[in-house]
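Structure first, commentary second.
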Amino acid sequence: FVMFTAIHKHYALEEWKKFAASHPECLEHIAVSSGTGQADLDKLYTMLETIPAIKYICLDVANGYSEYFVESVKTVRAKFPKRTIMVSIIIKPLAKYLKC
Numbered sequence: 035f036v037m038f039t040a041i042h043k044h045y046a047l048e049e050w051k052k053f054a055a056s057h058p059e060c061l062e063h064i065a066v067s068s069g070t071g072q073a074d075l076d077k078l079y080t081m082l083e084t085i086p087a088i089k090y091i092c093l094d095v096a097n098g099y100s101e102y103f104v105e106s107v108k109t110v111r112a113k114f115p116k117r118t119i120m121v122s123i124i125i126k127p128l129a130k131y132l133k134c
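Start counting the sequence shown at 35; every next residue gets the next number (my numbering).
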């Protein structure tokens with residue numbers, strides 16, 4: 035039995051490093067979550083550069099209707115082209131823009 039989950043964005047980098055060192059086998063089954071504010075994205079970038087075994091990213095926002103959200107997805111995709119990105123909200127009319 036294998037489970038996949040997204041871990042909330044409030045864990046600190048040091049907590050992630052400790053978890054990754056203690057449970058490296060879990061890293062292929064989790065996504066690191068992030069908001070789309072600059073501080074959140076900076077933390078995400080540092081996390082993924084520090085723990086490259088994390089393959090999945092979850093972008094979580096309250097307002098998926100904003101063009102800013104679409105641009106944030108594109109920015110993260112450009113920075114991490116080989117990682118899987120999931121979003122907490124996909125709005126059907128905007129879905130075509132999320133294919134980045």
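All C-beta atoms in this analysis are idealised placements derived from N, C-alpha and C, irrespective of residue type, glycine included.
DSSP three-state assignment for S67, whether helix, strand or coil: strand
CB of V110 within 8 Å of CB of I91, strictly: In this structure, I91 lies closer than 8 Å to V110 by Cβ.
Sequence-distant residues of the same chain with beta carbon closer than 7 Å to W50, five excluded per side: M81, I85
Cβ neighbour criterion (16 or more within 10 Å) applied to S122: S122 should be labelled exposed.
Run of the beta strand (DSSP E) containing M120, from where it starts to where it stops: For M120, the enclosing beta strand (DSSP E) stretches over residues 118 to 121.
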